[in-house]
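Residue numbers (this note's numbering): 48 to 576.
Here a beta-carbon is modelled for each residue, glycine too, at the ideal position from N, C-alpha and C.
These numbers come from a predicted model, not from an experiment.
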Amino acid sequence: MQQTKTPKVNEVNEFLEIASDFEDPLEVIRESLSNSYDANASEVYIEINQGYEGSEIIIEDDGDGMSSENLESFFDLGNSTKRGKGDQSIGYKGHGTKIFYKSDRIEVNTASEGINRRATMEHPWQKLNDGVLPEYDVTETKTREENQGTRIKIVGFKSGRGFEPTTLTYNKIAHYLKWKTLAGSTAHFFEDDFDEMEITVSLGESIDDERDKLVTNNKLEFPDEQLEPSDGQFPEARMCKHYEPRELEVTTDSGETTTVQIVGMVGGKEARDELPTYGRHSAQFGIWLAKDHIKVERLNEAISHDNEFIHFLFVANSQDIELSANREKIRNKSSPIYQAIEEQLSYYLSKITSDPWFKQYLEQRRIAELNRKAKSQQNSIEDRVEQVAEHDNIEPSNKAEVVLALEQSNRFGAKPTITVKDFGPGEDVNSVVEQSGNLYGCSVHQQLTDHFEEDKPLESVSKIICWSIGDRDQLRQLERQGYHNEEVSFDLENNRIEYGTGSTRVIHVIQVSSRIKRVDQEIDQASLD
Numbered sequence: 048m049q050q051t052k053t054p055k056v057n058e059v060n061e062f063l064e065i066a067s068d069f070e071d072p073l074e075v076i077r078e079s080l081s082n083s084y085d086a087n088a089s090e091v092y093i094e095i096n097q098g099y100e101g102s103e104i105i106i107e108d109d110g111d112g113m114s115s116e117n118l119e120s121f122f123d124l125g126n127s128t129k130r131g132k133g134d135q136s137i138g139y140k141g142h143g144t145k146i147f148y149k150s151d152r153i154e155v156n157t158a159s160e161g162i163n164r165r166a167t168m169e170h171p172w173q174k175l176n177d178g179v180l181p182e183y184d185v186t187e188t189k190t191r192e193e194n195q196g197t198r199i200k201i202v203g204f205k206s207g208r209g210f211e212p213t214t215l216t217y218n219k220i221a222h223y224l225k226w227k228t229l230a231g232s233t234a235h236f237f238e239d240d241f242d243e244m245e246i247t248v249s250l251g252e253s254i255d256d257e258r259d260k261l262v263t264n265n266k267l268e269f270p271d272e273q274l275e276p277s278d279g280q281f282p283e284a285r286m287c288k289h290y291e292p293r294e295l296e297v298t299t300d301s302g303e304t305t306t307v308q309i310v311g312m313v314g315g316k317e318a319r320d321e322l323p324t325y326g327r328h329s330a331q332f333g334i335w336l337a338k339d340h341i342k343v344e345r346l347n348e349a350i351s352h353d354n355e356f357i358h359f360l361f362v363a364n365s366q367d368i369e370l371s372a373n374r375e376k377i378r379n380k381s382s383p384i385y386q387a388i389e390e391q392l393s394y395y396l397s398k399i400t401s402d403p404w405f406k407q408y409l410e411q412r413r414i415a416e417l418n419r420k421a422k423s424q425q426n427s428i429e430d431r432v433e434q435v436a437e438h439d440n441i442e443p444s445n446k447a448e449v450v451l452a453l454e455q456s457n458r459f460g461a462k463p464t465i466t467v468k469d470f471g472p473g474e475d476v477n478s479v480v481e482q483s484g485n486l487y488g489c490s491v492h493q494q495l496t497d498h499f500e501e502d503k504p505l506e507s508v509s510k511i512i513c514w515s516i517g518d519r520d521q522l523r524q525l526e527r528q529g530y531h532n533e534e535v536s537f538d539l540e541n542n543r544i545e546y547g548t549g550s551t552r553v554i555h556v557i558q559v560s561s562r563i564k565r566v567d568q569e570i571d572q573a574s575l576d
């Protein structure tokens, strides 16, 4: 006997899995802003407080409010009612607001067309983990027609370490807003009727009391242009050129078409520093792919290998890229339309790198670097001989001299013996050392803080070799704001750096000056004995 059956879906597991996909607690801000914008809000206010039972988040906007259908869609999975964007919207599957389920209580107050609707859901995260689909209660009351807007309160948000007072700061929020949410939108470059939205974020005093609030808008704005080099030691550092908005027509071999909207800039370090990057240039600059003008992933391979992506900031928007449930990844990279987008962007950017201005910028960088190197080599040989004549006075002036000082510490008898086997000053992992028969990839700097000022990665480094630590306040600030979107802590008494969220890596710090000082102390003690 033949039977026709329909596959079943475990609703609880589906909700649980979607909510769990949103690992970064800051995504609650991204989803809130998108919802407010889709409701035609001109102002949105977000407040985050730290309570005994977890984080408390309030999101309030002056948008259209939610109808009964909209409110159901807010809690439902798979039937989002986004404004005017159909199934091309980032949130059309209704996944985003499910991050709110990671809480003890959700309260929604929304007013629309003379009706105020209040909805509450108790213990959604606990119930989902217990295998129960949470329910919510809705109460409707009449209100004045002119009253509209939405207020969402999330109590006991299961934020993990992301909202702890030691890790959440206004700087971190500002950085996240402009690089991960519609606060960094490029839509205003392409839309004459662009809807500007004011965004205000307030953090409780126990989280960050450095200022009262953060106020910004929903526009990514480039630093002012400066086409000519400056005077001084770094003439290229403030050079900056904008490349006007363009719409690129993309066609696949089978005739499928789409449009990519691209806008961008090329700039030196000082120009890039005017954007809210907080020194993370290697993690933020390059070629970004976006949907709804919200940056998703970088496509830095679209720039030829002999041009460093760090000087570029271009955002290429396409509504035909498809995103993962948590909106952090593009999932249709094997599709013909995505591959055609890649090819078109590579061609477009080849024109940028052939621009005479860009070639002038690179030449200014090259000349300035040669001049700086020549100046650094002006130290007389007599001064260097005097420095090394007595090892107490060793004071390295560059990375190579730190390596030399490490070798000298070995000769003086410092333990353990650490031998440099390979050294390439221009590499991120610029040395390989041997210790106790094992080889380790290392990063060599005059000061430990230089590693972070130069925006070097930590993922592939086993040890950081430095002459001294540097500004410890700078390291404490890194502990507060994180590094490359990961948590970092410094245990300098034990010469350790712990890095990563969840899975933690340990990087050992070798302070060469301390090795030499310990040898001196041992010699002094031996002479007394």
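Self-check item: Backbone CA spacing between R164 and S249 [nearest angstrom]
Solution: Here residue 164 corresponds to residue number 117 of the sequence shown, with the count starting at 1. Here residue 249 corresponds to residue number 202 of the sequence shown, with the count starting at 1. Rounded to the nearest angstrom, the two C-alpha atoms are 25 angstroms apart.
Quiz prompt | CA-to-CA distance, A88 to E243, given in whole angstroms | solution = Locating residue 243 in the sequence shown gives position 196, counting from the first residue. Locating residue 88 in the sequence shown gives position 41, counting from the first residue. Cα to Cα, the separation comes out at about 9 angstroms.
Exercise. Would you decide whether I384 is buried or exposed? Buried here means 16 or more other CB atoms lie within 10 Å of its CB.
Key: Numbered from its first residue, the sequence shown carries residue 384 at position 337. So I384 ends up on the buried side.
Quiz item: Hey, quick one: how far does the beta strand (DSSP E) through I516 stretch, first residue to last?
Solution: For the purposes of this step, residue 516 is identified with residue 469 of the sequence shown, where counting begins at 1. Counting along the chain, I516 falls outside any beta strand (DSSP E), and DSSP gives it neither H nor E.
Quiz item: Run through DSSP, which three-state label would N87 get?
Solution: Along the sequence shown, read from residue 1 onward, the residue named residue 87 stands at position 40. Here N87 sits in coil by DSSP.
Quiz item: Whose C-beta lies closer than 6 angstroms to the C-beta of Q391 among residues of the same chain, with five residues either side of it excluded?
Solution: For the purposes of this step, residue 391 is taken as the residue at position 344 of the sequence shown. Result list for Q391: L295, V297, in chain order.
Quiz item: How about Y408 and E283: are their beta carbons less than 8 angstroms apart?
Solution: Within the sequence shown, numbered from 1, the residue matching residue 408 stands at position 361. Within the sequence shown, numbered from 1, the residue matching residue 283 stands at position 236. For Y408 and E283, yes; Cβs fall inside 8 angstroms.
Exercise. Mark E448 as exposed unless 16 or more other C-beta atoms lie within 10 angstroms of its C-beta, in which case mark it buried.
Key: Here residue 448 is taken as the residue at index 401 of the sequence shown, counted from 1. Buried, since its Cβ has 16 or more Cβ neighbours within 10 Å.
Practice problem: Mark V313 as exposed unless 16 or more other C-beta atoms lie within 10 angstroms of its C-beta, in which case mark it buried. | Solution: Here residue 313 is taken as the residue at index 266 of the sequence shown, counted from 1. Buried is the call here.
Exercise. Hey, could you find the ends of the alpha helix (DSSP H) I557 is sitting in?
Key: Residue numbering aside, residue 557 sits at position 510 when the sequence shown is read from its first letter. Not the alpha helix (DSSP H): I557 falls in the beta strand (DSSP E), residues 552-558.
Exercise. Name the two residues that bound the continuous alpha helix (DSSP H) containing S397.
Key: Numbered from 1 along the sequence shown, position 350 holds the residue referred to as residue 397. Here the alpha helix (DSSP H) through S397 covers 383-400.
Self-check item: P443 burial status per 10 Å Cβ neighbour count (16 or more: buried)
Solution: The residue given as residue 443 occupies position 396 in the sequence shown. The residue is buried, with at least 16 neighbouring Cβ atoms inside 10 Å.
Quiz prompt | 6 angstroms CB neighbourhood of K200 in its chain, flanking five on each side removed | solution = Taking the first residue of the sequence shown as 1, we reach residue 200 at position 153. Cβ within range, chain order: I105, E154.
Quiz prompt | beta strand (DSSP E) segment containing Y546, residue limits | solution = Working through the sequence shown from its first residue, we reach residue 546 at position 499. Here the beta strand (DSSP E) through Y546 covers 543-546.
Quiz prompt | Between the CA atoms of E268 and Q651 - distance to the nearest angstrom | solution = With the chain covering only 48 through 576, there is no way to say anything about residue 651.
Exercise. Give the secondary structure of V449 by DSSP, where H, G and I count as helix, E and B as strand, and everything else as coil.
Key: Against the sequence shown, residue 449 aligns to sequence position 402. DSSP places V449 in helix when its eight states are reduced to three.
Quiz item: Are the Cβ atoms of I146 and E78 separated by less than 8 angstroms?
Solution: On the sequence shown, residue 146 is found 99 positions in, with the first residue counted as 1. On the sequence shown, residue 78 is found 31 positions in, with the first residue counted as 1. Going by C-beta atoms, I146 is nearer than 8 angstroms to E78.
Self-check item: Residue interval of the alpha helix (DSSP H) (run including H492)
Solution: The residue given as residue 492 occupies position 445 in the sequence shown. Careful: H492 lies outside any alpha helix (DSSP H), inside the beta strand (DSSP E) at 485-494.
Quiz prompt | Contact check, W335 vs R345, beta carbons under 8 angstroms | solution = In the sequence shown, residue 335 corresponds to position 288, counting from 1. In the sequence shown, residue 345 corresponds to position 298, counting from 1. Yes, they are a contact pair.
Practice problem: Pick helix, strand or coil for Y183, following the three-state DSSP scheme. | Solution: For the purposes of this step, residue 183 is identified with residue 136 of the sequence shown, where counting begins at 1. Reduced to three states, the DSSP call for Y183 is strand.
Quiz item: Beta carbon of I246, beta carbon of L486: below 8 angstroms?
Solution: Working through the sequence shown from its first residue, we reach residue 246 at position 199. Working through the sequence shown from its first residue, we reach residue 486 at position 439. Not in contact: I246 and L486 (Cβ atoms no closer than 8 angstroms).
Practice problem: Kindly indicate the opening and closing residues of the beta strand (DSSP E) around D469. | Solution: The residue labelled residue 469 in the question sits at position 422 within the sequence shown. Boundaries of the beta strand (DSSP E) around D469: 466-470.
Self-check item: Three-state class that DSSP yields for K140 in the structure shown
Solution: Here residue 140 refers to the residue found at position 93 of the sequence shown. In this prediction, K140 scores a pLDDT of 48, lower than 50, which makes its location untrustworthy; the coordinate-derived value is nonetheless stated afterwards. Coil at K140, not helix or strand.
Self-check item: Cβ pair F204, V75 closer than 8 angstroms
Solution: Locating residue 204 in the sequence shown gives position 157, counting from the first residue. Locating residue 75 in the sequence shown gives position 28, counting from the first residue. Against a cut-off of 8 angstroms, the Cβ pair of V75 and F204 comes out as a contact.
Practice problem: Give the range of the beta strand (DSSP E) segment to which K200 is assigned. | Solution: Position 153 of the sequence shown, counted from the start, is the residue given in the question as residue 200. Run containing K200: 196-204, per the beta strand (DSSP E) assignment.
Quiz prompt | Spatially closest choice to S83 from G112, E252, T216, by CA coordinates | solution = Sequence index remark: in the sequence shown, residue 83 carries index 36 (1-based). Ranking the options by Cα distance to S83, first place goes to G112.
Self-check item: Segment contact, 8 angstroms Cβ cut-off, at least three pairs: the segment 171-178 with the segment 220-234
Solution: Remark: fewer than three beta-carbon pairs, one from each stretch, lie closer than 8 angstroms, so the segment 171-178 and the segment 220-234 are not flagged as touching.
Exercise. Work out the CA separation of I544 and R552 for me, nearest whole Å.
Key: In the sequence shown, counting from the first residue as 1, residue 552 sits at position 505. In the sequence shown, counting from the first residue as 1, residue 544 sits at position 497. If you take the alpha carbons of R552 and I544, they lie about 8 angstroms apart.
Quiz item: Out of N379, S393, I399, K338, which has the shortest C-alpha to C-alpha gap to H358?
Solution: Translated into positions along the sequence shown, residue 358 becomes position 311. Ranking N379, S393, I399, K338 by Cα distance to H358 puts I399 first.
Exercise. Name the two residues that bound the continuous alpha helix (DSSP H) containing Q280.
Key: One-based indexing of the sequence shown puts residue 280 at position 233. That residue, Q280, is in no alpha helix (DSSP H); it is neither H nor E in DSSP.
Quiz item: Exposed or buried, what is E275 when buried is set at 16 or more other beta-carbons lying within 10 Å of its beta-carbon?
Solution: As a first step, residue 275 is located in the sequence shown; it is residue number 228 there, counting from the start. Exposed: under 16 other Cβ atoms inside 10 Å.
Quiz item: Buried or exposed: which applies to E58, given that a residue is buried once 16 or more other Cβ atoms fall within 10 Å of its Cβ?
Solution: The residue labelled residue 58 in the question sits at position 11 within the sequence shown. Classification for E58: exposed.
Quiz prompt | Cβ-based burial, Y394 [other Cβ within 10 Å; buried from 16] | solution = Taking the first residue of the sequence shown as position 1, residue 394 is located at position 347. Exposed, because fewer than 16 other Cβ atoms sit within 10 Å of the Cβ of Y394.
Quiz item: So which of R458, E501, P463 has the shortest CA-CA distance to P472?
Solution: On the sequence shown, position 425 is the one that residue 472 refers to. That would be E501, whose Cα lies nearest to the Cα of P472.
Quiz prompt | Proximity of Y546 and V535 at Cβ, strictly below 8 angstroms | solution = Indexing the sequence shown from 1 puts residue 546 at position 499. Indexing the sequence shown from 1 puts residue 535 at position 488. For Y546 and V535, yes; Cβs fall inside 8 angstroms.
Practice problem: Within the same chain, show all residues whose beta-carbon is closer than 6 angstroms to that of G581, passing over the 5 residues directly before and after it, in chain order. | Solution: No statement about residue 581 is possible, as the shown extent of the chain runs from 48 to 576 and does not include it.
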